[in-house]
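Trainee: One structure, as structure tokens, below. Some questions next.
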């Protein structure tokens, strides 16, 4: 049984919950992370289209990867672990401050209510992802400015946390 770490609005641990239970009903505030990996001096970002098998926001474009740290695991450690599991590579990650958000899946499949730590990474041109199809339907490198334009024109094609994260990292993109 997969669990998530329940937290208060200040990211203080207050317990655990089974993952599905935390994402249904009103949702329970839990710890999460979102990884944003860049290349080409921060001009391009790796994004993924979530697998159709995902409970929430299936087949929607999102950041490089995101998930939940486990007990005893830092957000950075969890981010490096999930990068390897979902996309077949890892890189050093830098943690930024986090944010809290709540979003209901548009198809009423559940709720995200998370305290998210943002993790940034920078890789060179030799990194080629190898995606786990249970997690990732597609991936692509895209110019940051092109992505921002696409997100403004067609916001529903992108996960709600991705919009929030892209705004939060505006001044922190690695180069």
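In our numbering, the protein residues as written are 3 to 177. Idealized CB from N, CA, C, for every residue including glycine. Just so you know, these numbers come straight off a predicted model, no measurement behind them.
(1) For residue 22, count the other beta carbons within 10 Å of its own beta carbon; 16 or more makes it buried, fewer makes it exposed. Which is it?
(2) Residue 52: buried (16+ other C-beta within 10 angstroms of its C-beta) or exposed?
(3) State the DSSP-derived secondary structure class of residue 142, mapped to helix, strand or coil.
(4) Are the CB atoms of residue 13 and residue 101 nearer to each other than 7 Å?
(5) Nearest to residue 133 by CA position, among 44, 58, 66 and 11, is which residue?
(6) Taking the runs of the beta strand (DSSP E) that are 3 residues or longer, which of them lie wholly in the region 108-175?
(7) Report yes or no: do the region 131-145 and the region 24-38 share at least 3 C-beta pairs separated by less than 8 Å?
(8) From the DSSP output, in three-state form, read off residue 89 for me.
Mentor: Considering the structure as presented:
(1) On the chain shown, position 20 is the one that residue 22 refers to. The residue is exposed, with fewer than 16 neighbouring Cβ atoms inside 10 Å.
(2) Indexing the chain shown from 1 puts residue 52 at position 50. Per the 10 Å Cβ criterion, buried.
(3) To locate residue 142, count along the chain shown from 1; it is residue 140. Strand, per DSSP.
(4) Stepping through the chain shown from its first residue, residue 13 is reached at position 11. Stepping through the chain shown from its first residue, residue 101 is reached at position 99. It is not a contact, given that the beta carbons lie outside the stated cut-off.
(5) As a working note, residue 133 is residue 131 in the chain shown. Of 44, 58, 66 and 11, the residue nearest in Cα terms is 66.
(6) 113-124 and 138-145
(7) no
(8) Here residue 89 refers to the residue found at position 87 when the chain shown is read from its first residue. Helix.
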